[in-house]
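Asks:
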Amino acid sequence: MPPTPVIPSPPAPTAAIAIKTNFVPADLDASRFENVEGYLDALLERPISSVMDLEAWLLDRGELEAACSEAKANLYISMTCDTGNAKVQEAYAKYIHEVEPRLTPACFRLDTRFVELVSKFPLPGTGYAVLDRAVRTDVALFRDENVPLETELASLGQDYDRTIGAMTVEFDGEERTLPHMARYQEGTDRAVRERAWRTVAERRVHEIDTINGIFDRMVGLRHRIARNAGFENYVGFAFKAKHRFDYGVAECETFHDAVEKAVVPLARGLEAQRAAKLGVSPLRPWDLSVDVKGRQPLRPFEGGVDLMRKSIATMHRLDPRLAEMLAQLGDGSQSGGSSNGSCLDLDSRKGKAPGGYQYMRDRTRRPFIFMNSAGLHHDVETMVHEAGHAFHSILCRDQPLLAYRHSPIEFAEVASMSMELLTMNHWGRNEQNRNDGRPVFYENPDDFARAKRDQVKRSVLLLPWIATIDAFQHWIYTHPTHTRSEREAAWLKLDARFGSSVSWLGLERFKPNIWQRQPHLFGHPFYYIEYGIAQLGALQLWLISVEKGEREAVERYVAALQLGGSKPLPELFAAAGLEFNFGADMVHRIVARVQAELERLPD
Ligand SMILES: [Zn+2]
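Anchor point for the sequence shown: position 163 equals 1040 in my numbering, and the numbering is continuous, going up by one each time.
#1: I need the straight-line Cα distance from Pro-888 to Gly-1125, nearest angstrom please.
#2: Are the CB atoms of Asp-1222 and Val-1182 nearer to each other than 8 angstroms?
#3: Within this structure, are the beta carbons of Val-1069 and Met-1058 separated by less than 8 angstroms?
#4: With a threshold of 8 angstroms, are at least 3 pairs of Cβ atoms found where one atom belongs to the stretch 1199-1214 and the other to the stretch 950-959?
#5: Within the chosen definition, does the stretch 1188-1206 reach the stretch 1315-1323 through at least 3 CB pairs nearer than 8 angstroms?
#6: Can you determine whether any heavy atom of ligand 1 sits closer than 7 angstroms to the C-beta of His-1193, and answer yes or no?
#7: Beta carbon of Glu-1290: closer than 7 angstroms to some heavy atom of ligand 1?
#8: For Asn-1249, report the span of its beta strand (DSSP E) as first-last.
#9: In the DSSP assignment, what residue or residues form a beta bridge with Val-913?
#10: Taking 8 angstroms as the threshold (C-beta atoms), are Pro-1177 and His-1254 in contact?
#11: Using 7 angstroms as the cut-off, classify the Cβ of His-1401 as near or not near the heavy atoms of ligand 1, replying yes or no.
#12: What does the Cβ neighbour count give for Leu-921, buried or exposed, with the cut at 16 atoms within 10 Å?
#13: Measure the CB-CB distance between Ala-1292 and Leu-1438 and report whether it falls below 8 angstroms.
#14: Which residues share a DSSP beta bridge with Asp-1015?
#15: Compare the C-alpha of Arg-1194 against each of Leu-1475, Ala-1230, Glu-914 and Val-1431 and name the closest.
#16: What did DSSP end up calling Glu-1320 once you bin it into helix, strand or coil?
#17: Given this structure, state the Cα-to-Cα distance separating Val-965 from Leu-952, to the nearest angstrom.
#18: DSSP state of Phe-1048, grouped into three classes?
#19: Leaving aside the five residues before and after Asn-1105 along the sequence, list all residues of the same chain whose C-beta is less than 6 angstroms from its C-beta, in chain order.
#20: Judging by CA-CA distance, which residue of Pro-1244, Gly-1232, Tyr-1236 and Glu-1297 is the nearest neighbour of Ser-1250?
#21: Write down the C-beta distance between Pro-1341 and Val-1077 rounded to the nearest angstrom, noting that I regard them as a contact closer than 8 angstroms.
#22: Since Asp-853 contacts Asp-988 with CB under 8 angstroms, what's their CB separation in whole angstroms?
#23: Looking at Val-1112 and Thr-1360, is the spacing between their C-beta atoms short of 8 angstroms?
#24: Along the chain, where does the alpha helix (DSSP H) that runs through Tyr-1404 open and close?
#25: Run the CB neighbour count on Leu-1490, radius 10 Å, all protein chains shown included, and call it buried at 16 or more, exposed below.
#26: CB-CB under 7 angstroms to Ser-1166, same chain, minus the five flanking residues each way: which ones, in chain order?
#27: Which one of Leu-1455, Arg-1072, Lys-1227 and Pro-1025 has the shortest CA to CA distance from Asp-1049?
#28: Using a 10 Å radius around the Cβ and a threshold of 16 neighbouring Cβ atoms, would you call Met-848 buried or exposed?
#29: Hey, Pro-1479 and Arg-1330 are a contact pair by Cβ (cut 8 angstroms); roughly how many whole angstroms apart?
#30: Going by the CB atoms, is the gap between Thr-1028 and His-1100 shorter than 8 angstroms?
#31: Which residues mark the beginning and the end of the alpha helix (DSSP H) in which Leu-1298 is found?
#32: Relative to the C-alpha of Gly-1034, which residue among Phe-998, Glu-1201 and Phe-1092 is closest?
#33: Only counting the same chain, and skipping five residues up and downstream in sequence, which positions put a Cβ closer than 7 angstroms to that of Lys-1117?
#34: Evaluate Met-1463 with the Cβ neighbour count: other Cβ atoms within 10 Å of its Cβ, from every protein chain shown; 16 or more gives buried, anything less gives exposed.
#35: Do His-1269 and Met-1294 have their C-beta atoms closer together than 8 angstroms?
#36: Distance, Cα to Cα, Ala-1367 vs Trp-1352?
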């Protein structure tokens, strides 16, 4: 899941100059605007008469914005870890209503000043090129009248999280969270799976109208924001705002077509095999997660501490540097959000927002990992994924420019998705680790083989879902005045194009609003194609590890992550030895290679 975007366009210094300044006191409480206002004014008014002055100005600005973004990060983390707690909810709401609407225009004034200063004192070399391009884009998009609209959007995002976080069901005599309910989908008793599936679907149906209400307002607000900035609709605005300099709408559509041609037939073929192996016809929505040989569900760990212990051991086998970085975050026992300097909150419990994320606290330069683990294999995947984001944050944290301590999402997800594939060989016992005395997720060789095969399969089967969510957003924002029933029809059409072949007979009322489960549509519009671009990158890196060895793949991985966001997207891919390419040729090539690998992996 996504690293949450922080304040727009946060500039700061370059490799040539010292990393830390003393412009902002270490204990500044940047969650209150009155505490940062003086520093913002000082930056706006500071006389600049040389390139050196300008570089120092960037460094100080980075320090201030890091303090602001960390204050927001901690409020966001507390809010998502305890959606039922009125105090932390109000604290976050207060920030987005009172601080951000004043901070955003102030940052815009600093951006504008940066553009002016740079024309007077051109910055040396190419080290500032990425920053310069980003700031100019943000300046061109900024409109005062959009500030309150962004505030409203952030507040609606909070409503969505709260609505989802509050959802629990009564099942087998206990109140259970929806992430806990996912366990039942892996059970071997088909009747129990069906009962669990229906219980969750019924619970979600109760919120359809509420969530539709939130989404309708979000679409309207986003359309207005785009129009205010001079765009025909939100698509063009979002592509610019997300700094997509290396691809456009046409490339996304080519990707959708390629996935339809190369991956959908493979996915449907695998579903037909699944139905035959399970001996069921037709396949139903509750038949997708159970093991085809009727084996018990994979249970790789029990609780956050065990998850952390085994994840660190897994990383150690891949590369001790990775284990050391992960171990810095804690032992997995923490459940109090970011309080007491904590970096982890792993276990699912009532009141946690859905999903998982990694959030870098920019001032203290320490990552935070949030997830809803419930002992499933899926949680292992999420853990190593978010760990990959944390490695990225840590490996580039000495980049002097704040803007370069975050990389474009298309590459940030390569850092995380690669870990899902590269750690795979270390989830169980093999020749090298047989006697290393460290724990593994799978002691049983059969479970180990099964987990690996599932992982490789999922890495390509994710592509149709990515195409669906991306294509859906293109439809949504090019049809900004659509009705709810038109939206349902658009979703069903995409589902027919990319979705699975399972039978929804008798379940028709549950199907048209499945998209409501995808949090990105609410909090992070247009953030999804990045997973497709990155998955193709991660699969390329995995194939390097298969062909040239793990060491080679990890060295490239570490070297590219250290660059943070200091280079344009295609150069970051190149630094890892990967092609920045999500066109039809790449999709076909990768899918064929993965299919060949799959045939070599036992069921
Ligand atoms: Zn991610």
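Each residue gets a CB set at the ideal place from its N, CA and C atoms; glycine is no exception.
Replies: To lay it out plainly:
#1: Because Pro-888 carries a pLDDT of 32, less than 50, the predicted location of this residue cannot be relied on, and the following value inherits that uncertainty. For Pro-888 and Gly-1125, the distance between alpha carbons rounds to 25 angstroms.
#2: no
#3: no
#4: yes
#5: yes
#6: no
#7: yes
#8: 1243-1250
#9: Its beta-bridge partners do not exist; DSSP assigns none.
#10: yes
#11: no
#12: exposed
#13: yes
#14: For Asp-1015, which the question treats as bridged, DSSP gives no partner whatsoever.
#15: Val-1431
#16: coil
#17: 7 angstroms
#18: strand
#19: Arg-1020, Glu-1022 and Asn-1023
#20: Gly-1232
#21: Not a contact, Cβ separation roughly 22 angstroms.
#22: Residue 853 falls outside the range modelled here, since the chain spans only 878 to 1480, and no answer is possible.
#23: no
#24: No alpha helix (DSSP H) holds Tyr-1404; DSSP gives it neither H nor E.
#25: Residue 1490 is absent from the model: the chain starts at 878 and stops at 1480.
#26: Gln-1062 and Glu-1063
#27: Arg-1072
#28: The question about residue 848 has no answer, for the chain in this structure spans 878 to 1480.
#29: 7 angstroms
#30: no
#31: 1286-1299
#32: Phe-1092
#33: Thr-1014 and Leu-1018
#34: buried
#35: no
#36: 8 angstroms
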